[in-house]
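Numbering (numbering that gives the first Met the number 0), first residue to last: 0 to 291.
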Amino acid sequence: MAERITGHTELIGLMAYPIRHSSSPAMQNEAFAAVGADYAYLAFEVGADEIEDAVKAIRTLKMRGSNVSMPNKTLVGQYLDELSPAAELCGAVNTIVNDNGYLKGYITDGIGFMAALKDNNIDPIGKKMTIVGAGGAATAIEIQAALDGVAEISIFNIKDKFYVVGEETVQKINERTNCKAQMFDLADTEALRREMADSYLFVNATGAGMKPLEDVSVVPDKSFFRPELIVVDVPYGTLLTKMRKMAKEVGCKTMNGLGMMLFQGAAGFELWTGKEMPIDHMKEVLGISYDD
Ligand code: NAD
Numbered sequence: 000m001a002e003r004i005t006g007h008t009e010l011i012g013l014m015a016y017p018i019r020h021s022s023s024p025a026m027q028n029e030a031f032a033a034v035g036a037d038y039a040y041l042a043f044e045v046g047a048d049e050i051e052d053a054v055k056a057i058r059t060l061k062m063r064g065s066n067v068s069m070p071n072k073t074l075v076g077q078y079l080d081e082l083s084p085a086a087e088l089c090g091a092v093n094t095i096v097n098d099n100g101y102l103k104g105y106i107t108d109g110i111g112f113m114a115a116l117k118d119n120n121i122d123p124i125g126k127k128m129t130i131v132g133a134g135g136a137a138t139a140i141e142i143q144a145a146l147d148g149v150a151e152i153s154i155f156n157i158k159d160k161f162y163v164v165g166e167e168t169v170q171k172i173n174e175r176t177n178c179k180a181q182m183f184d185l186a187d188t189e190a191l192r193r194e195m196a197d198s199y200l201f202v203n204a205t206g207a208g209m210k211p212l213e214d215v216s217v218v219p220d221k222s223f224f225r226p227e228l229i230v231v232d233v234p235y236g237t238l239l240t241k242m243r244k245m246a247k248e249v250g251c252k253t254m255n256g257l258g259m260m261l262f263q264g265a266a267g268f269e270l271w272t273g274k275e276m277p278i279d280h281m282k283e284v285l286g287i288s289y290d291d
């Protein structure tokens, strides 16, 4: 690393709080080194009251860009010059690109989800997806899937503060894309069974399956699955979740959240460097496999 940094090296940041636990710096710097891209990626502890100044710093220091995570994802857009269609629809940004002082915001979580599916030979375009979740990850996936051409999306969520976000997402998808979206209460298990029955893809985009919800499954029991259904977890955890364990018992193809994590980073890498992330190399270095 020290040998590769020169006076020409351009800086890319990660602005969030807390952030010291993040695996993004290791991932991005490994990928820069692997393709000989002259960039360095560093994490900065930046909270909500500092994000406006931090965006000014991107311009002042002529940084190439930045990733943004909580609590800044929904705040940073107002300080940028332009948003991608997905970032605008999601109301959230996780990637900033600085082109000579012009800052454009993107949300790459949904792009990463769709790219990971493709890399794992899963093609939901023109088909139906049922998804549980209405938080940040779920919204990014739902919006990108609709923009990319998934035909129908049935969204389920518990009746917490996120439910209304899901309803807003449904409205935006129906008004602004060709996809048909509907919202349901996760407690309505009859609706869940019906919507899953004719879906190509089922996605858990909630924290269920990971600490502190490691014993929670958004699907009540394995009678909801059929072998042809593809079942995807978004939580990063490498351990097999209760939900995917049930799906596997029925014979479903399943996938964990690591591919989405890798490909959301790959999308940012490509926006900043103009080069493709060396995916096979990164999978090997990071020990990523799509199933467990
Ligand atoms: P969030 O806080 O924005 O949303 C949380 C979601 O979980 C909401 O839909 C909420 O209603 C739901 N929920 C909470 N408790 C629940 C319960 N007991 N039963 C059912 N649903 C429940 O969080 P987020 O940022 O959207 O993250 C969701 C998950 O996705 C987390 O596990 C996170 O680690 C993971 N994630 C993964 C990636 C990736 O690249 N793989 C990216 C972002 C987030």
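Even for Gly, the Cβ is constructed at its ideal location relative to N, Cα and C.
Backbone CA spacing between residue i and residue j [nearest angstrom]
| i | j | result |
| --- | --- | --- |
| T176 | I4 | 44 Å |
| R63 | F223 | 47 Å |
| M242 | N97 | 41 Å |
| P211 | N99 | 43 Å |
| V169 | M182 | 7 Å |
| M0 | A32 | Note that M0 scores a pLDDT of 49, beneath 50, so its modelled location is shaky; the value from the coordinates is reported in the next line. Straight-line Cα distance between these residues: approximately 8 Å. |
| M26 | M281 | 8 Å |
| P219 | A56 | 48 Å |
| G135 | V163 | 13 Å |
| M209 | V34 | 34 Å |
| L257 | Y235 | 6 Å |
| G76 | L82 | 7 Å |
| F112 | E189 | 28 Å |
| Y101 | T107 | 19 Å |
| Y304 | K72 | What the structure shows of the chain is the stretch from 0 to 291, and residue 304 is not part of that stretch, so it cannot be assessed. |
| M254 | L74 | 31 Å |
| E166 | D52 | 33 Å |
| L60 | V54 | 10 Å |
| E141 | A85 | 10 Å |
| E49 | Y40 | 19 Å |
| W271 | S216 | 38 Å |
| V293 | A144 | This structure leaves residue 293 out entirely; the chain is present only between 0 and 291. |
| V249 | K171 | 35 Å |
| Y38 | R225 | 46 Å |
| G46 | K221 | 42 Å |
| A137 | R58 | 31 Å |
| A265 | I110 | 10 Å |
| E174 | S288 | 37 Å |
For residue i, the residue or residues it bridges with in DSSP
| i | result |
| --- | --- |
| Q181 | S153 |
| E269 | Answer is none; E269 lacks a bridge partner. |
| S65 | G12 and I95 |
| K282 | K282 is not bridged to any residue. |
| G104 | L82 and I95 |
For residue i, three-class secondary structure by DSSP
| i | result |
| --- | --- |
| D187 | coil |
| D98 | strand |
| S222 | helix |
| G250 | coil |
| D52 | helix |
| D214 | coil |
| T129 | strand |
| I18 | coil |
| A36 | coil |
| D232 | strand |
| V45 | coil |
| A4 | Checking the sequence shown, residue 4 turns out to be Ile, not Ala. Looking at I4 - three-state DSSP - the assignment turns out to be coil, as it is neither helix nor strand. |
| L60 | coil |
| I124 | strand |
| L257 | helix |
| N203 | strand |
| S23 | helix |
| T176 | coil |
| T73 | coil |
| G208 | coil |
| F161 | coil |
>> Tell me whether the segment 123-130 and the segment 138-156 touch, counting them as touching only if at least three CB pairs, one residue from each stretch, are closer than 8 Å.
In response: yes
>> Contact between the segment 119-127 and the segment 72-90 is defined here as three or more beta-carbon pairs at a separation below 8 Å; is this criterion met?
In response: no
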